[in-house]
Amino acid sequence: MKAGDYYILWAYKPESSPGSRQIQLWHFILELLQKEEYQGVIAWQGDYGEFVIKDPDEVARLWGIRKCKPHMNYDKLSRALRYYYNKRILHKTKGKRFTYKFNFSKVVLVNYPILDMASSPFFLAPAVHSSFFAKEWWLLS
DNA sequence: TTCGGAAAAA
DNA sequence: TTTTTCCGAA
């Protein structure tokens, strides 16, 4: 397969695989985004890859629970999100409150089984051969 | 609200 | 190296 054949890069990256240590914030964001029950808290909205944090305090609370950081808040969570700008994982959708957008031209990663991706917009990307979803992660740019 | 420097933490 | 914490500036 040629890297140029895909717009996204999405792969299953086991928690135990080398290189994946603790849950990363954007993995977590992606996780919430793919679950129906959190649509009132955070959801895809607008352009492809764009999402809105409808309830900043709740997202921060959930993130705090996951990372065992009881004092997490949106101010701090959003700082972590801002660090993603230079890393080209995310960028801000200016003018839209609490709205960010994933830069799919960069990577992809994922910590979750492909079966859980059915509801995500990534699934709308050009078909990718199933062999692509190996138990490793990929970085295409 | 959003940004990004600085420093500490993990 | 990523995230947390703190915070002044825009």
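If you're matching positions, the first sequence starts at 221 in the working numbering and goes up one per residue.
Beta carbons are placed, not taken as given, at the ideal position from N, Cα and C, and that holds for glycine.
Remember, predicted model here, so these are calculated numbers, not experimental data.
Buried or exposed by the 16-neighbour rule on C-beta atoms within 10 Å, applied to residue i
i	result
tyrosine 304	buried
alanine 280	buried
isoleucine 285	exposed
Residue i CB to nearest heavy atom of the ligand SAH below 6 angstroms
i	result
tryptophan 283	No copy of the ligand SAH occurs in the structure displayed, which carries no ligand at all.
Contact belief for residue i with residue j at Cβ below 8 angstroms, rounded distance in angstroms
i	j	result
isoleucine 262	phenylalanine 271	6 angstroms
glycine 266	phenylalanine 322	Glycine 266 to phenylalanine 322, Cβ: 12 angstroms. No contact.
lysine 312	tyrosine 320	6 angstroms
leucine 310	leucine 301	6 angstroms
leucine 282	tryptophan 264	About 17 angstroms separates the two Cβ atoms, so there is no contact after all.
Residue from the options with nearest C-alpha to residue i
i	options	result
tyrosine 258	Pro276, Gln244 and Ile243	Pro276
phenylalanine 318	Glu278, Lys255, Ile243 and Gln242	Glu278
*Run through the stretch 237 to 325 for me and flag every whole alpha helix (DSSP H) of 4 or more residues, listed as ranges in chain order.*
245 to 253, 276 to 287 and 294 to 307
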